[in-house]
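Engineer: Submitted below is the structure of interest, expressed as structure tokens.
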Amino acid sequence: MRLIYRIALRLGAVLLLLMTLWAALFYYAMVDEIRDEADDSLEDYSSMLITRMLSGEMLPEQGDGTNNSFTVRSVDAAYAAANDHLRYHDENIYIPEKREHEPARVLTTIFSDAEGRYYELRVATPTFEKEDLFEAVLGWIVVLYVALLIIVLAVTIIIFRRSLQPLYDLLHWLDAYRPGGKPSPVPNNTDVKEFHRLGVALQQAVERSEELFERQSHFIGNASHELQTPLAIIGNRVEWLLDSPTIGEEEAGELFKIQNTLSRAVRLNKTLLLLTKIDNGQFPESVDVDIVPIIRESVESYGDVYEEREVHISQSLPAEFKARMNESLATTLVTNLVKNVFVHTPQGGAAQVSISGRTLQVSNAGSEPLDKEHIFERFYQASRKKGSTGLGLALVAAVCRYYNLRLEYFYSNGRHHFEVEFSE
Numbered sequence: 062m063r064l065i066y067r068i069a070l071r072l073g074a075v076l077l078l079l080m081t082l083w084a085a086l087f088y089y090a091m092v093d094e095i096r097d098e099a100d101d102s103l104e105d106y107s108s109m110l111i112t113r114m115l116s117g118e119m120l121p122e123q124g125d126g127t128n129n130s131f132t133v134r135s136v137d138a139a140y141a142a143a144n145d146h147l148r149y150h151d152e153n154i155y156i157p158e159k160r161e162h163e164p165a166r167v168l169t170t171i172f173s174d175a176e177g178r179y180y181e182l183r184v185a186t187p188t189f190e191k192e193d194l195f196e197a198v199l200g201w202i203v204v205l206y207v208a209l210l211i212i213v214l215a216v217t218i219i220i221f222r223r224s225l226q227p228l229y230d231l232l233h234w235l236d237a238y239r240p241g242g243k244p245s246p247v248p249n250n251t252d253v254k255e256f257h258r259l260g261v262a263l264q265q266a267v268e269r270s271e272e273l274f275e276r277q278s279h280f281i282g283n284a285s286h287e288l289q290t291p292l293a294i295i296g297n298r299v300e301w302l303l304d305s306p307t308i309g310e311e312e313a314g315e316l317f318k319i320q321n322t323l324s325r326a327v328r329l330n331k332t333l334l335l336l337t338k339i340d341n342g343q344f345p346e347s348v349d350v351d352i353v354p355i356i357r358e359s360v361e362s363y364g365d366v367y368e369e370r371e372v373h374i375s376q377s378l379p380a381e382f383k384a385r386m387n388e389s390l391a392t393t394l395v396t397n398l399v400k401n402v403f404v405h406t407p408q409g410g411a412a413q414v415s416i417s418g419r420t421l422q423v424s425n426a427g428s429e430p431l432d433k434e435h436i437f438e439r440f441y442q443a444s445r446k447k448g449s450t451g452l453g454l455a456l457v458a459a460v461c462r463y464y465n466l467r468l469e470y471f472y473s474n475g476r477h478h479f480e481v482e483f484s485e
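In this text, residue positions in the sequence shown follow our numbering: the first is 62, and each later residue adds one.
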């Protein structure tokens with residue numbers, strides 16, 4: 062998940078918590094305020110009624126349009142002593158005009174007249190339905206939360222996008238960065254101190270990486286180049302010894318083993334030289350190369366070389382498929398993918414080479430998946446196979462990096478799949 066969306070989600074969660082807390086406080090504060098107003102009204106109405114009773118005036122008629130109702134009854138001294146003289150409580154009362162019970166706030170007052178007689182006055186006024194108020198508050202809180210959430214998230218995303226633009230520039234630069242590819246300078250046009258320090262650190266790290274990469278490439282290239290002459294001399298000496306009439310059968314067998322080992326060393330050395338040239342960008346010329354003939358020729362050639370393995374390769378290819386690249390590198394890419402199929406497909410197994418759209422697909426049977434993290438590294442081999450140097454897929458990956466081609470491996474239904482997507 063992107064950083065900006067993670068922050069937005071966390072802000073939304075915090076906002077939800079705060080709005081829930083605020084809604085609860087608002088609800089109870091509103092209920093308390095309404096009760097206070099109702100209690101004040103009841104107290105005033107009760108005082109007016111008591112004053113009229115004690116002065117001998119007529120009490121107002123019930124249903125005088127005030128929504129208030131009252132009852133007065135005589136009580137004894139024991140009742141008056143046992144109960145509070147002023148009590149507020151909520152209850153449902155019957156409203157004759159509506160012919161139904163309504164929630165009401167009730168004030169019960171016990172008082173006495175000049176002659177010491179006690180009376181209980183109950184004054185009630187209709188109030189609100191708590192459930193209705195709760196639903197109304199909840200509904201408006203939900204509306205307010207959604208509106209605030211949209212506004213806050215929109216503003217947050219806009220502000221963060223602009224504030225984090227230097228970071229996005231660095232990430233885009235890293236996505237395009239390839240070791241040894243003569244990268245452009247790290248974008249660092251910002252006055253934000255933290256981002257500026259990050260850009261400086263990245264530039265220094267890239268410079269060190271490029272220096273190490275160049276040293277490594279030069280070392281491998283120089284070492285491989287220097288090895289060519291000694292390997293050729295050793296090969297010639299071995300052939301001279303094999304042609305000698307005085308050599309015995311046992312010595313000839315050992316020399317053949319040496320020759321096979323030497324041949325592998327020569328192939329390995331040539332492959333390392335090729336990798337170095339690719340990494341150093343020594344294949345600048347590009348033409349429109351038809352991949353289809355290269356595939357057919359590679360399948361035929363390696364089919365003859367590995368005839369004893371009885372690998373059956375089906376081909377689903379168009380009449381032509383052209384890609385803009387160096388012809389030698391195109392051949393290297395295709396031949397190593399095809400050779401990998403012949404070397405690693407089980408005895409008598411089936412494989413397939415096809416082109417769909419702009420994607421070259423190569424698949425072969427296999428018992429278990431390979432390590433996706435290391436399969437394209439140099440000298441990686443899940444199992445040692447005759448004729449394999451462990452550099453074939455590394456060469457494929459190097460060519461794909463050179464031309465920014467998408468290279469993907471996956472394992473499905475007992476088969477290894479390699480895909481190379483060519484650019485238009």
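Built from N, CA and C at the ideal position, the CB exists for glycine as well.
(1) Go ahead and pull the three-state DSSP assignment for Ala426.
(2) Evaluate Phe211 with the Cβ neighbour count: other Cβ atoms within 10 Å of its Cβ, from every protein chain shown; 16 or more gives buried, anything less gives exposed.
(3) Which full runs of the alpha helix (DSSP H) of 4+ residues lie inside the region 168-195, going along the chain?
(4) Report, in whole angstroms, the separation of the C-beta atoms of Val184 and Asn129, which I expect to be a contact under 8 Å.
(5) Thinking Ser135 and Leu182 are a contact (beta carbons under 8 Å), I'd like their distance in whole angstroms, please.
(6) What three-state label does DSSP hand Lys383 in the structure shown?
(7) With three or more beta-carbon pairs closer than 8 Å as the criterion, would you say the region 201-211 touches the region 112-119?
(8) According to DSSP, Thr420 sits in a beta bridge with which residue or residues?
(9) If you count every other CB in all the chains shown that lies within 10 Å of the CB of Ile339, and 16 or more means buried, which is it?
(10) First and last residue of the alpha helix (DSSP H) that includes Thr396?
(11) Which runs of the alpha helix (DSSP H) fall wholly inside the region 193-246 and span at least 4 residues, in chain order?
(12) Between Ile154 and the rest of its own chain, which residues show a CB-CB distance below 6 Å, the 5 nearest in sequence each way excluded?
(13) Look at Thr396 and Tyr363 and say whether their C-beta atoms are less than 9 Å apart.
(14) Thr132 lies in the beta strand (DSSP E); which residues open and close that run?
(15) If you draw a straight line from the alpha carbon of Leu110 to that of Glu104, how long is it in whole angstroms?
(16) Relative to the C-alpha of Val399, which residue among Leu456, Gln226, His435, Ala384 is closest?
(17) Could you give the residue range of the beta strand (DSSP E) that holds Ser473?
(18) Name the residue from Arg71, Thr337, Thr132, Trp83 whose alpha carbon lies nearest to the alpha carbon of Glu275.
(19) In whole angstroms, what is the alpha-carbon distance linking Asn425 and Ile352?
(20) Can you tell me whether Pro227 is buried or exposed? The criterion is at least 16 other CB atoms within 10 Å of its CB, across all chains shown.
(21) Please name the residue, chosen from Ala326, Asp97, Trp301, that lies closest to Gly316 on a Cα-to-Cα basis.
(22) Give the single residue among Leu292, Val253, Tyr472, Tyr180 whose Cα lies nearest to the Cα of Phe131.
(23) Just the C-alpha distance for Phe195 and Tyr229, rounded to the nearest angstrom, thanks.
(24) From the DSSP secondary-structure annotation, give me the bridge partner or partners of Ala412.
(25) Which residue or residues does DSSP assign as beta-bridge partners of Leu147?
(26) Leaving out the 5 sequence neighbours to the left and right, which residues in its chain are closer than 8 Å to His146 when beta-carbon positions are compared?
(27) When DSSP builds the beta bridges, which residues end up paired with Tyr155?
(28) Whether or not the region 462-471 and the region 363-372 are in contact is what I'm after, with contact meaning three or more pairs of Cβ atoms, one per stretch, closer than 8 Å; do they touch?
(29) Only counting the same chain, and skipping five residues up and downstream in sequence, which positions put a Cβ closer than 8 Å to that of Leu214?
(30) Could you tell me how far apart the beta carbons of Pro187 and Glu163 are, in whole angstroms, since I believe they sit closer than 8 Å?
(31) Ordered along the chain, which non-local residues of its own chain (more than five positions away) have a Cβ less than 7 Å from that of Val102?
(32) List the endpoints of the continuous beta strand (DSSP E) containing Val350.
(33) Under the three-state reduction of DSSP, which class applies to His279: helix, strand or coil?
(34) Identify which residue in Asp174, Arg385, Arg178 has its Cα closest to the Cα of Ala138.
(35) Beta carbon of Val423, beta carbon of Glu388: below 9 Å?
(36) Counting C-beta neighbours from all protein chains within 10 Å, is the total for Val372 16 or more, i.e. buried, or is it exposed?
Structural biologist: Reading from the atomic positions:
(1) Working through the sequence shown from its first residue, we reach residue 426 at position 365. Shown here, Ala426 sits in a strand according to DSSP, grouped into three states.
(2) Locating residue 211 in the sequence shown gives position 150, where the first residue counts as 1. For the record, residue 211 in the displayed sequence is Ile; it is not Phe. Ile211 comes out exposed.
(3) For the region 168-195, not a single whole alpha helix (DSSP H) run of length 4 or above is found.
(4) The residue given as residue 184 occupies position 123 in the sequence shown. The residue given as residue 129 occupies position 68 in the sequence shown. By a beta-carbon distance limit of 8 Å, Val184 contacts Asn129. Their separation comes to about 7 Å.
(5) In the sequence shown, residue 135 corresponds to position 74, counting from 1. In the sequence shown, residue 182 corresponds to position 121, counting from 1. The C-beta separation of Ser135 from Leu182 comes to about 11 Å, leaving the pair out of contact by the 8 Å criterion.
(6) Working through the sequence shown from its first residue, we reach residue 383 at position 322. Note: Lys383 maps to strand in three-state DSSP.
(7) Not touching, per the Cβ criterion.
(8) The sequence position of residue 420 within the sequence shown is 359, counting from 1. Per DSSP, Ser417, Glu482.
(9) Residue numbering aside, residue 339 sits at position 278 when the sequence shown is read from its first letter. Of the residues assessed, Ile339 falls on the buried side of the cut-off, its CB having 16 or more other CB atoms within 10 angstroms.
(10) Indexing the sequence shown from 1 puts residue 396 at position 335. Going by DSSP, Thr396 is part of the alpha helix (DSSP H) stretching over 388-405.
(11) Entirely contained in the region 193-246, the alpha helix (DSSP H) runs reaching 4 residues are, in chain order, 226-237.
(12) Numbered from 1 along the sequence shown, position 93 holds the residue referred to as residue 154. So the list reads Ala165, Ala185, once near-sequence residues are dropped.
(13) Locating residue 396 in the sequence shown gives position 335, where the first residue counts as 1. Locating residue 363 in the sequence shown gives position 302, where the first residue counts as 1. In contact: Thr396 and Tyr363 (Cβ atoms closer than 9 Å).
(14) Translated into the one-based positions of the sequence shown, residue 132 becomes position 71. 130-136 is the extent of the beta strand (DSSP E) around Thr132.
(15) One-based indexing of the sequence shown puts residue 110 at position 49. One-based indexing of the sequence shown puts residue 104 at position 43. If I take the Cα positions, the gap works out to 10 Å.
(16) Looking up residue 399 in the sequence shown gives position 338. Ranking Leu456, Gln226, His435, Ala384 by Cα distance to Val399 puts Leu456 first.
(17) One-based indexing of the sequence shown puts residue 473 at position 412. In the DSSP assignment, Ser473 falls within the beta strand (DSSP E) that extends over 467-473.
(18) Counting from 1 along the sequence shown, the entry for residue 275 is found at position 214. Checking every option, the nearest Cα to that of Glu275 belongs to Thr337.
(19) Counted from its first residue, the sequence shown places residue 425 at position 364. Counted from its first residue, the sequence shown places residue 352 at position 291. Roughly 20 Å between the two C-alpha positions.
(20) Mapped onto the sequence shown, residue 227 falls at position 166. It counts as buried.
(21) Within the sequence shown, numbered from 1, the residue matching residue 316 stands at position 255. According to the sequence shown, residue 316 is Leu rather than Gly. For Leu316, the nearest C-alpha among the options comes from Trp301.
(22) For this step, residue 131 is matched to residue 70 along the sequence shown. Comparing Cα positions, the closest option is Tyr180.
(23) What you label residue 195 is simply residue 134 of the sequence shown in a count that begins at 1. What you label residue 229 is simply residue 168 of the sequence shown in a count that begins at 1. If you draw a straight line from the Cα of Phe195 to the Cα of Tyr229, it comes to about 46 Å.
(24) The residue given as residue 412 occupies position 351 in the sequence shown. Ile374, Asn425, per the DSSP bridge assignment.
(25) In the sequence shown, the residue the question calls residue 147 occupies position 86. Bridge pairing for Leu147: Thr170 [DSSP].
(26) Position 85 of the sequence shown, counting from 1, holds the residue named residue 146. Around His146: Thr170, Ile171, Phe172.
(27) Numbered from 1 along the sequence shown, position 94 holds the residue referred to as residue 155. Looking at the DSSP output, Tyr155 bridges to His162.
(28) Touching, no.
(29) Here residue 214 corresponds to residue number 153 of the sequence shown, with the count starting at 1. Hits under 8 Å: Ala69, Leu72, Gly73.
(30) For the purposes of this step, residue 187 is taken as residue 126 along the sequence shown, with counting starting at 1. For the purposes of this step, residue 163 is taken as residue 102 along the sequence shown, with counting starting at 1. With a contact defined as Cβ atoms closer than 8 Å, Pro187 and Glu163 qualify at about 5 Å.
(31) Walking along the sequence shown from the start, residue 102 turns up at place 41. A small fix is needed here, since residue 102 is Ser in this sequence, not Val. If we look at Ser102 and ignore the five residues flanking it on each side, its Cβ neighbours are Thr186.
(32) For the purposes of this step, residue 350 is taken as the residue at position 289 of the sequence shown. Counting along the chain, Val350 sits inside the beta strand (DSSP E) bounded by residues 348-351.
(33) What you label residue 279 is simply residue 218 of the sequence shown in a count that begins at 1. Looking at His279 - three-state DSSP - the assignment turns out to be helix.
(34) If you number the sequence shown from 1, residue 138 lands on position 77. Looking at Asp174, Arg385, Arg178, the one whose alpha-carbon comes closest to that of Ala138 is Arg178.
(35) On the sequence shown, residue 423 is found 362 positions in, with the first residue counted as 1. On the sequence shown, residue 388 is found 327 positions in, with the first residue counted as 1. In this structure, the beta-carbon distance from Val423 to Glu388 does not fall below 9 Å.
(36) For the purposes of this step, residue 372 is taken as residue 311 along the sequence shown, with counting starting at 1. When all chains shown are included, Val372 counts as buried.
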